[in-house]
Amino acid sequence: MKKRILLDLFHVGQVGNLKRKLALPLMLAAMVSPGYAFDTHKPAFESGSYRFDVQITGTVSASTGETLPGVSVSVKGGGRTAITDVNGKYSISVPDNATLVFSYIGYTTKEVAAGANPVINVTLEPSSTALDDVVVIGYQTIRRKDLTGAASSVKTANTERLVSRSLPEALQGQTPGVAVRNGGAPGQEAVVNIRGLATFGNASPLYVIDGMIADPNTTVSPNDIEDIQILKDASAAAIYGSRAGNGVILITTKKGKEGPAKITVTSRYSVSQVPKTYEMMDAAGYAATNTLAYQASGMAVQPGVANYNGAVNTDWVDETLRTGAVQDYNASVSGGGNGSKYLISAGYFKDKGVLISREFERASFRINTETTRGRFKFGENIAISSSTARSPFQGGAFAGNPWYDMFTSVPLIPVQDNSLISTNNPGGWGYGSNGSINTFSRNQIAIANITSVKSNFAKLLGNAFMDFKIIEGLNYKFNVGLETSFDKSKSVRKDGSWYQNQSPDFSQLSDNRSQFLSYLFEHTLNYNYVLGKHSINGVVGYTQQTTQTDNTFGSGIRLAQFGGDYFTTLQSTSGEGRNSSGSLYKSLLDSYLGRLNYTYNDKYLVTFTFRADKDSRFSPQYRTGYFPSGALGWRISKEDFFKVDWVSDLKLRASYGVLGVNTLSPYQYIGFLNQAPDVVLGTGQNTNAGAIQAKLASGDLKWEKKKTTNLGFDASLLNDRFTINFDAFRSISEDVLLSQPLPGYLGNLQGDPIVNIGSIQNQGLELNLGYRPQSDGAVKWDIAANVSVIRNKVLELGSLGIDLDTGLPKNYIQSGNTRTQVGRSIGEYYVLKTDGIFQNQAEIDAHRAQSAYAKPGDIRYVNVLDGGTNDDINDKDRVYAGSPFPKFTTGLQFNSRYKDFSLSVQLYGAFGQKLYNDVLRELDSYGNSNYRTAINPWTPTNTDTSFPRLGYQFAANDRGINENARGNTDRWIEDGSFLRLRNVELGYNLPSKLISKANISNARLYVSGQNLFTITNYSGLDPDVVGANPNLEPGVDNGNYPSSRIISFGLSVGF
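Note that my numbering has the sequence shown beginning at 995, numbered continuously upward.
Okay, here's the thing in C-alpha cells:
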C-alpha cells in the first residue's frame, strides 16, 4: 500500500505563550521515508504500510474550544500516523481494537481506544511542563530547562480573570518574591517590590514591553499580554545592568499566527462596592456621647449639640460612597499567511469608582506584525492609548482625605442648606462653625462640587525590528523603540468653602502640560551552536536610550463667569494673579551587553552575563558602571548514579552578580543658584541683581549597586505531574542614595544634597509548587501555590546629623511614627508602649511619670527610659513595636473543568506584618469628630475595656484625655495579617452545535467575584495597605482607598 501525504496549509500551533510552525518538520519526516505520495483530497497526512480495516474521523480541540491544527494522531505500538488539518480534523485507518494516541506540543498526550466508533472527537489539555518549554530572559529566548537564574512565569489566563486597570495590579499572589499592594483608586498605580525593599528612592521594577523599556501602568491593556516573565536574580536580570536592581518584568504582547483571520471579542461588566466601613453613630448617638464627653472634661456643651432637635441626621458615609461600575471591552483580529502574521486589537476600559466623582477610562489600540522573507524577518509592535482620570481636589490639609472625612464628619451637620449661604459659602455647604459645632472635617460632597481635577494621558509606545540570518545559528537584530506621551492636567476651584475657618480664597485654575519622549536603539548578535553534546548560545549588543521630559505649568485666580458658569482657561483668570513656570530634563544611557550560555550533555550548565552602562545623570567621573554575573547549573537527574523513578527532572542552580539602580532624576549632581534681584552691594550700597546658592552640588554621585546571591533547584516529579521551584537568596545594596541633612546657611535651602551613604540587606526563601494530575476522566484540574519569606535589614545610613537627645551621631531616619535604623528593617514603628488603663488613684500615684495629670480611666504608658524616676512620658520612652513587612506571603491558584464548565479560584495572603491605623487614631481620640458605635469607654462600673474614659481631646483642663489621644503609641498598631479570596470565576463554554449556526467557533460565558471576603483581625477598611510614604512608612494606613468587592459578568466570542 502506498504512502500518501496531504499538502495543505497548516496553522502555526499556539503552545501557551509560544507559536510554532508544525507543518514543515512533519512533512520532512514523511518525505525521508522510503516512499511517499501526495493526495490533495484527504483531510489529513497519513504514512505507513499496514493493512487497515477501520476508518476513523474526528476533530481535535483545546479545552478552550478552539480547534487544533497539526496534532499528531497515531496508532499505539506502531502503524499509520495522521495530522489534523487547519480545522482540527483528521482521518485515519486503524486495525481492530487499536488505541489512538493524540499528541501536540504544549498539551498532554491522550490515548483513546478506537473500538467500533467511526467518529472520535478529542479534547486536549494544556501541559503544565510543555507550556514552559522556553523562557524570555532579555535579548534571548532559551529553553526553561537550561535556565540557571531565578525567573518566574506568570500565566496570563490568571491575570485576565481579574478586573485590573493595569498589569501590576494583576500580579499579586501569582508568583513568589513579588509583593504587590494595590492602589484601589481609579487610575492609581499599584506598588510593586521584587524581593524586598532595597532602596529609599523609586523601588519599582523595570518593565520591558516587546523589547521597549516603558511604564505599563496606563499603556498596556492586560488583555493584550501573551507572556510575562519576572527576572529576580543577577543571572537572569544583569543583562539590564544599571536598571535591574529592583527586578525586571518582561512583557510580550500577543501576536498573530498564520492561517485564516481569527476574530475575538470580549465584554465584561462589573459592579463594585466597598466591602467594609466603620459603623458610625447617628445624630442622636453623637449628640448624647459628645455631651457626656464635654461634661466629663469640664467643658460647656456645644450649642449646636445642646440645641439638637432631630431635624438633621446626615449619613456622611452613604453620601460619599456609591456603587461603582467597571466596563471592559476588547476586540482583536489576527491571522497570516505567506510568511506574514498580524494582530490588531482595540480596547475600552472605564472604572467609575466607589467614591463620588472619581473615575478612570482608557481607550487603547495595538497593531503587531511580523514578516519573514528569506533570511530577513521584520515587524513592529505599536500601541496607542488615551486615558483620562477625573477626581476632585484630594490630599493634604486643604482638601482632606475622604476616607477620614466621611467617618469624622458630624451627623448633626447637613450636607447642604440654604440657611448656610454666605459670601464665603455661596453653595450653602455644611461644615463645622465656631460657637455651634467644632469640627474640622472636610465636606467631601462640597469638594466634589466646587473642585475638579481632570488628567489626560495620551501615549504612543512602539518598536520596529529587523532580524537578519547571517549564517546558520548567527543572527543580527536591529531594534528601534519609541515612547512618547502628552499629558495634561487641569485643576479648577470655583468660589466656595468646605471646612471650618477656611480662608476665603478666590476661584483658581492651574494647568500643567508635560511631554515625555524616549528613543531606544539596539544592535544585537545572537549565536546558537550545537556540536554533539556541546551547546553554546549567546548574545552581544550595544544599546542607546535617550529620554526627555518637558513640563509647563500655569496658574491663575478669579475665574471669569457668565451666567453662573466658569470659564476654565488661563486667559479667563485675572491678570495680576497669573503665573507660569517650566522645566526640561534630558538624559542619555549608552550600554554594551553580553551573555554566554554553555551546556554539556544537557547536564552541566554555565552562564556568564555582563553589561556596562554609561548614564549622564551621574557625576562625570562615575557615569560608567559595570554589572557582571555568573551562574552554574547541574541537572543531577541525568547522572548515572541518580536513578529515581519518581523524579522526572532535577536541576540545581547557583548564581552571583551585581545589579544597579539608576532612578535618580537628572542634574542632581549639580548645584543650583536662585536669582536675587535686590541685593545691596558695594560702597554705595546700591541695589544689584545677584544670586543665592539654593542647593549644594553632589559631585560624587554614583550607582547604587546590588550584590545578589541565589541558590535554588527545579524539580519535576511523578511523570511531570508535580513541579517544585525553590530559591534562597541574599542581596546587599550598597551606595544607596539618601538626603544628607545640612544646615540651611550652607546653601541648601531647596533641599539637602543626595549622597551615596546607605546599605540595605534583603534575604529570603521562595517556594513554588504545582500539581496537575494526568486523568482522562470528565473532571480536569490543576493547582499551584507559592510561599515567600523575606527579611529586610538596614546595614548602613552614613552621617545623618546629631541626635539631640543623646548628642551622638544619628544612625536612623525618623518619619512620623516610624524609625528606619541600622540593624533593623525599614519603617519599623517607634512609639510609646501602653500598659492598660489606670483603674484607681493608687495606681496613678505609683506611676510617677503620669501622676501629675492622669485620672482613673486614662491610658498608662510604660516609662522605659529610667524605670519610673523621670517626671514625664516623652519621646525618650519610645520603643520598637513591629515591622510593616509580612513574615511570609502566599498565593494559590486552582483551576478545574468538567465538560463545558470551568471553575478557577485565586487566594492571596500576607501574615505577620504590623499596621499603623491612623484613621482609627483620628476616630477614637475623642476630638472634633463623630464616634464609632464600637467604642466602649472606661467608667468606674465598666473597667474591663481597652478604651480610655470619655472626654474632650482639646479640653484645656484635662491633660489626661489629651495624652490618651497621643498618636505616637502602640495603641494604634494592629496585626495586619490577612487571607483574601482574590478571585473566583465560573465559566461555561457554549456547545458548538448551538453556536456554529452563527459561524461562531467558540463562545464562553462567565461570572466572577473579586475580593469576595478577607479573613483578618485588622479593624481598618483594608489590610492591604499602601502607605503615603511607601519607602519609609510602608505600613501606615493614612486612609487608603481600599480594594473593592467586584462582581463581574462576561462574554468571550471567537469567529
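Every residue, glycine too, gets a C-beta built ideally from N, C-alpha and C.
In the three-state reduction of the DSSP assignment, W1492 falls in the coil class. When C-alpha distances from R1785 are compared across S1769, S1819, D1140 and G1456, the shortest belongs to S1819. Look at the beta carbons and you see the stretch 2013-2020 touching the stretch 1900-1915: at least three pairs across the two are nearer than 8 Å. Nearest C-alpha to N2032 among G2021, R1976, S2038 and I2041: G2021.
Look at the beta carbons and you see the stretch 1706-1722 touching the stretch 1635-1655: at least three pairs across the two are nearer than 8 Å. For M1400, the enclosing alpha helix (DSSP H) begins and ends at P1396 to T1402.
Straight across, the Cα-Cα distance linking L1590 with N1531 is about 6 Å. Around the beta carbon of I1464, fewer than 16 other beta carbons lie within 10 angstroms, which makes this residue exposed. Per DSSP, the beta-bridge partners of N1457 are N1375 and G1475. DSSP places Y1592 within a strand segment (E or B) once states are collapsed to three. Here the alpha carbons of I1257 and V1130 stand approximately 27 Å from one another. The continuous alpha helix (DSSP H) containing S1229 extends over residues A1228 to A1231. Around the Cβ of V1409, a 10 Å sphere holds 16 or more other Cβ atoms; the residue is buried.
With a cut-off of 8 Å on Cβ pairs, the stretch 1192-1199 is not in contact with the stretch 1437-1445, counting fewer than three such pairs. Boundaries around K1987 are those of the alpha helix (DSSP H), S1986 to I1989, since no beta strand (DSSP E) includes it. Taking a C-beta distance under 8 Å as the contact criterion, G1429 and P1297 qualify as a contact pair. Taking 8 Å as the upper bound for CB-CB distance, T1541 and S1585 are not in contact here, some 14 Å apart. Following the DSSP letters along the chain, one finds V1913 inside the alpha helix (DSSP H) bounded by residues D1912 to L1917. Cβ contact annotation for P1985 (same chain, cutoff 8 Å, sequence separation greater than five): D1894, in chain order. Pairing F1561 with V1268, the inter-Cα distance amounts to about 36 Å. Under the DSSP assignment, P1162 falls in the alpha helix (DSSP H) whose first and last residues are L1161 to A1164.
The three-state secondary structure of S1631, taken from DSSP, is helix. The beta carbon of A1959 lies closer than 6 Å to those of S1919 and Q1947 in the same chain, with the five residues before and after it left out. Excluding its 5 nearest sequence neighbours in each direction, F1888 has C-beta neighbours in its own chain below 6 Å: I1777 and V1899, listed in chain order. Collapsing the DSSP output to three states places P1254 in a strand. Between the C-alpha atoms of R1926 and W1966 there is a straight-line separation of about 15 Å. When DSSP states are grouped into helix, strand and coil, R1974 belongs to the strand group. Judged by beta-carbon spacing, S2046 lies beyond the 8 Å limit of T1883, meaning their Cβ atoms are not closer than that value. For N1522, the secondary structure class from DSSP, reduced to helix, strand or coil, is strand.
The criterion of a C-beta distance shorter than 8 Å is satisfied by L1705 and A1648. The criterion of a C-beta distance shorter than 8 Å is not satisfied by V1913 and R1872.
Cα atoms of L1644 and A1709: separation of roughly 4 Å, rounded to the nearest angstrom. Relative to T1271, the option among S2013, S1261 and K1987 whose CA is nearest is S2013. Contact check between the stretch 1499-1515 and the stretch 1537-1554: three or more CB pairs, one atom from each, fall below 8 Å, which counts as touching. As DSSP reads the structure, T1363 sits in a beta bridge with Y1336 and E1374.
Ranked by Cα distance from N1375, the first of R1360, T1382 and I1431 is R1360.
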